[in-house]
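Sequential numbering from 1492 applies to the sequence shown in the numbering used here.
Note that CB positions come from ideal geometry on N, CA and C, so glycine has one too.
Model, not experiment: these values are computed from the prediction.
Everything below concerns the one structure shown next.
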Amino acid sequence: MSKFDVSENGFFGRYGGAYIPEILHKCVEELQKQYRQIIDSQDFQEEFNQLLRDYVGRPSPLYLSQSLSRTHNCRVYLKREDLNHTGAHKINNAIGQILVARRMGKKRIVAETGAGQHGVATATVCALMGMPCVVYMGETDVMRQRPNVEKMRLLGAEVVPVKSGNKTLKDACNEAIRDWCCHPDDTFYLIGSTMGPHPYPDMVARLQSVISAEIKQQLLEKEGRESPDYLVACIGGGSNAAGTVFHFLDDDKVRILYAEAGGKGVGTGMTAATLNAGTEGVLHGFRSLVMQDEDGQILEPYSISAGLDYPGVGPLHAHLVKIGRAEALAVKDNEALAAAFELNRTDGILPALESAHALAALHRVTFRPKDVVVVTLSGRGDKDMDTYLKYAPQGNCPSDYASLLKAIKAQTEK
């Protein structure tokens, strides 16, 4: 038991719960009653772990970056979730949830996606399990994440472009929930992050906790201790962040840093930095910190990263930040781009734009030489090539972060 465990009613402190239309009460209550029994069962764990090992390719490596370690004067490890099958951490949760859905007798899967990685992961596991799949994706994201859209279609998923609102992740969630309301008996909503009504935030965190379980074991092998001094993860809804911190929450010596999408700047109105700029409200079935106006109307978030422009954040993370257990840093677009180009040029690794926010956060902290820092590299950057090519510095630009930041700053602040 942990003091950070979800309550019986689905709350982490003040945040969480299940605020749902009446038509969904039956299927949500059914899931609430069954999810822990299912995922804690021996047969589930055996099948889940076998698929993580033989299909996903886990454990993902914990890589010591010599270049980042020199730059930050400490020991910087990258948890390489980008090397998973489908290219991100999302596959961990997708496999776990579809196994839950199958054990509950569900026949059809719906999902939402922003950057497309959760959509690809969902389409992948639906192909594996022979289940029909509908993925809702904002039209804006469909255009800027075209490779992932085509991957989903090749896998047999129906990709539905959402034309309402800002045409991004929030709007995709709205449509997925509407679909679920229309098909509550046979459909399972495979949520991609630690958001939604209870028990989704807790269930997703537990399925992603394989990340922190591996970090403990790998650090013991590499450093002779299980716990780092710092954990760093990007955060939108918060699934990779939850997986990164899950098994370290009760260890107060481990500092937790969340890197959220600062966009053009927290005070500009062009941001998705919910933990810094949000206020308490209800969104997509749960209470958390939300980007909203004085009347409670949801504000459209903005980020250069399709996976982070969500106007809310998982209730566990809101709770951790509010009580001071975690710190949230708002990372601007140009900082994330510079950090991505830095890692690409010094380590030969092109991270997802989401992950680049976590890398940029390292430049906000002064570390001690003895510090061990683990950054979760949540995904790879193939899907963001169009954006990277648009902003890539021209000529013989140096590979250090400061020079890269200077080279691209004028472009991103237009």
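#### Entry: Backbone CA spacing between Glu1705 and Ser1551 [nearest angstrom]
8 angstroms
### Query
What residue range is occupied by the uninterrupted alpha helix (DSSP H) comprising Val1745?
Run containing Val1745: none; DSSP gives neither H nor E here.
### Query
In the DSSP assignment, what are the bridge partners of Pro1652?
Met1628
#### Entry: Helix, strand or coil at Phe1832 according to DSSP, with G and I counted as helix
Looking at Phe1832 - three-state DSSP - the assignment turns out to be helix.
### Message
Between Glu1751, Lys1713, Met1643 and Arg1859, which has its C-alpha nearest Asp1720's C-alpha?
### Response
When Glu1751, Lys1713, Met1643 and Arg1859 are compared, the shortest CA-CA separation from Asp1720 is found for Arg1859.
### Message
Quick check on the burial criterion: 16 or more other C-beta atoms within 10 angstroms. Buried or exposed for Ala1893?
### Response
Around the beta-carbon of Ala1893, fewer than 16 other beta-carbon atoms lie within 10 Å, marking it exposed.
#### Entry: Sequence-distant residues of its chain with Cβ nearer than 6 angstroms to Leu1559 (five each side left out)
Counting only Cβ-Cβ distances below 6 angstroms, and skipping sequence neighbours, we find Val1567.
#### Entry: Sub-8 angstroms separation of Leu1850 and Leu1828 beta-carbons
Cβ atoms of Leu1850 and Leu1828: not closer than 8 angstroms.
#### Entry: For Lys1598 and Met1622, the rounded distance between their alpha carbons
About 7 angstroms.
### Query
Can you round the beta-carbon distance between Leu1698 and Asn1583 to whole angstroms, since I take them to be within the 8 angstroms contact cut?
Taking 8 angstroms as the upper bound for CB-CB distance, Leu1698 and Asn1583 are in contact here, some 6 angstroms apart.
#### Entry: Strand pairing of Arg1566, partner residues [DSSP]
Val1863
### Query
What span of residues does the alpha helix (DSSP H) with Ile1529 cover, start to end?
Ile1529: member of the alpha helix (DSSP H) spanning His1516 to Ile1530, first to last residue.
### alpha helix (DSSP H) segment containing Phe1777, residue limits
Premise fails: Phe1777 lies in the beta strand (DSSP E), Phe1777 to Val1781, not in any alpha helix (DSSP H).
### Query
Between which two residues does the alpha helix (DSSP H) containing Phe1539 stretch?
Gln1533 to Leu1542
#### Entry: beta strand (DSSP E) segments (min. 3 residues) lying fully within the region 1802–1827
1817–1823
### Query
CA-CA distance, Tyr1879 and Gln1528?
44 angstroms
#### Entry: beta strand (DSSP E) segments (min. 3 residues) lying fully within the region 1568–1611
1599–1604
### Query
Nearest-angstrom Cα distance between Ala1775 and Glu1649?
Just to set this straight, residue 1775 is His in the shown sequence, not Ala. Distance between the alpha carbons of His1775 and Glu1649: 22 angstroms.
### Message
Which runs of the beta strand (DSSP E) at least 3 residues long sit entirely within the region 1667–1700? Give them in chain order.
### Response
1678–1680
### Message
In the DSSP output, which residue or residues are listed as bridge partners for Ile1795?
### Response
Paired residues: none, contrary to the question.
### Task
Give a yes or no on whether 8 angstroms exceeds the smallest Cβ distance from Asp1838 to chain B.
Among the chains of the structure shown, chain B does not appear; only one protein chain is present.
### Query
Cβ atoms of Asn1639 and Val1616: under 8 angstroms apart, would you say?
no
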